[in-house]
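**Student:**
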Amino acid sequence: MQDLPQKFEKYCFENLGVTLRLQPWDLESGLPYFLRDLYRLFKCELLSSPVLVMTARDEEDATPATIRKHISQLQKKWEHEVLYLAPSISTYNRKRLIEQKIAFVVPGNQMYLPTFGIDLREHVLQLRKAGTRKKFSPSTQVALFSMLYEWPAGGVTPSQLAERLGYTPMTMTRAFDEIEAAGLVTVGMEWRERVLRFEEDKKSVWEKSLQRLRSPVSKRVKVTGIVSLDSFLFAGESALARFSMLAEPSCPVVAVSKERWKAMLLTGSVTVLPMFEPEGTEIEVWKYPPELFARGEKVDPLSLYVSFTDTKDERIEIALETLSEAFPW
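Mapping to my numbering: the sequence shown position 260 is 319, numbers consecutive.
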C-alpha cells in the first residue's frame, strides 16, 4: 500500500490532466491517536481547491458510516473537502459512499468527487482506453445533438445541459464521458465543473459520430382514433416529405415520447391496428422527446436522418441527401 498515493497522483493526471503533489498534513499530530493510527493523511490542491486525502493504514474495508464519522472528526481541523483513498472498495460500500456524498477514489477503477461534479467509473475508463464503436445512449445522443444545434462557443457543462434538456446532472455527466470517449471533444475544468468543447467544425463532429448514433425510434405502431394531427410532430416519411420532394405516405407518420404513448393507451384515445392496415396513423414511439429539437411541425433533421439508418429504399436515400441541406452547418 506504500505506493497508493503515487497511484492516486498518476490516476488524476491520466483522467483529469492535473498534476498533484501529496504532502503530509502538518496538523496530523494534533489529532486523536486512534485517527492517526487508522489513517495516513495528505494535503494537496485538486482543481484549484484544497483537499485532504485520507487513506487507511491497513486493507480492511471500513464501513461508510465509520468513514463518515471519521471525516466529521477531521473536519473539525480541516474545513475543506476530505477524500477517502483506497486500493479497493466493495460494490456495496461504493453505493453507500455515493449515497452519502462521500468523495472517494479507487485508482484505476473509480473516482467519485461530487463537489467537482466528477463520477468516473470503470466502464467509462474502459471506453476511453478501448475506443470502441459502442452506440451512444439516447441521453448522450440528445446531448450531442443539443450542442450541434446550439454550438456554444464557450463550451457547456453537465448542469447547463441538464437544465436545458430536462435530465439529471449525473446523466449528463455520463453523456460527457461517452462523448469524450468517442474522441469528439476536449474536456476541461472551470469553476469546479467539467466543460466540454468541440475542436472541429460541426460537420466533422457529425461525420465522426455517425457510427455511434442510433435511431430514436423504439417501435412503430399503427392506430386509429386520432382526429387531429395539430398536437403531433410529423416524423418518418411524413417529415421527410416536408424536407424534400418525397411523396407523402398514404398514412401520416407522427412521433411521440414513451410517456405520451403510455398516456394515449391509458386513456383509450387510440386503438392499435395491424401495421398492414391501409388506413390510420403510424406512430413512432421515440426514446427521447421528439419536441426537444422540433422544427415547426416536424421532428428535427438530425434525428430524422438517423431514424432511416437501415433503409434500402432508393427514394428515401435520395430524399435524405436533400434533408442534409437542413443540417445546422
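Ideal Cβ placement from N, Cα and C applies to all residues, glycine included.
1) What's the C-alpha gap between A281 and E318?
2) Note down, in chain order, each residue of its chain lying with its Cβ closer than 8 Å to the Cβ of F72, except the 5 sequence neighbours on either side.
3) Between the C-alpha atoms of F235 and K267, what's the straight-line distance to the nearest angstrom?
4) Determine the extent of the beta strand (DSSP E) in which Y171 is found, giving its start and end residues.
5) Would you say the beta carbon of L156 is closer than 7 Å to some non-hydrogen atom of the ligand SAM?
6) Is the distance from the Cβ of T174 to the Cβ of E138 below 8 Å?
7) In the DSSP assignment, what are the bridge partners of Q82?
8) What does the alpha-carbon distance come out to for the pair Y208 and A202?
9) Can you say whether W388 is buried or exposed, counting buried as having 16 or more other CB atoms within 10 angstroms of its CB?
10) Smallest Cα separation from E259: which of P211, F195, F67?
11) If you run the structure through DSSP and keep just helix, strand and coil, what is P64?
12) Can you tell me whether S108 is helix, strand or coil according to DSSP?
13) Out of D372, Q82, G213, which has the shortest C-alpha to C-alpha gap to L305?
14) Rounding to the nearest angstrom, what Cα-Cα distance links V254 and L75 in this structure?
15) Reducing DSSP to helix, strand and coil, say where D96 ends up.
16) Check E237 in the structure and name its three-state DSSP category.
17) I'd like to know whether the C-beta atoms of L351 and L269 end up nearer to each other than 8 Å.
18) In this structure, how does DSSP classify V329 when only helix, strand and coil are distinguished?
19) When the Cα of E296 is compared with those of V264, V329, I342, E252, which residue comes out closest?
20) With I26 as the anchor, note down where its alpha helix (DSSP H) starts and where it stops.
21) Measuring alpha carbon to alpha carbon, tell me which of I130, N168, Q200, H129 ends up nearest I398.
**Tutor:** Once the coordinates are examined:
1) According to the sequence shown, residue 281 is Lys rather than Ala. C-alpha separation (whole angstroms): 17 Å.
2) Once the five neighbours on either side are set aside, the close Cβ partners of F72 are T78, L79.
3) Just so you know, the alpha carbons of F235 and K267 end up roughly 16 Å apart.
4) For Y171, the enclosing beta strand (DSSP E) starts and ends at 169 to 172.
5) The ligand SAM is absent from the structure shown, which contains no ligand whatsoever.
6) Taking the C-beta atoms as reference points, E138 is found no nearer than 8 Å to T174.
7) Per DSSP, K102.
8) Taking the straight line from one Cα to the other gives about 10 Å.
9) Under this definition W388 is an exposed residue.
10) Taking only the C-alpha atoms, the option nearest E259 is P211.
11) Note: P64 maps to helix in three-state DSSP.
12) S108 falls in the strand class under three-state DSSP.
13) Looking only at D372, Q82, G213, the smallest Cα-Cα distance to L305 is reached by D372.
14) About 12 Å.
15) Correct three-state label for D96: helix.
16) In the three-state reduction of the DSSP assignment, E237 falls in the helix class, which pools H, G and I.
17) Not closer than 8 Å, so no.
18) Coil.
19) The alpha carbon of E296 has as its nearest neighbour, out of V264, V329, I342, E252, the alpha carbon of I342.
20) Because the chain spans 60 through 388 in this model, residue 26 falls outside it and cannot be assessed.
21) The shown model of the chain, from 60 to 388, leaves out residue 398, and the question about it has no answer.
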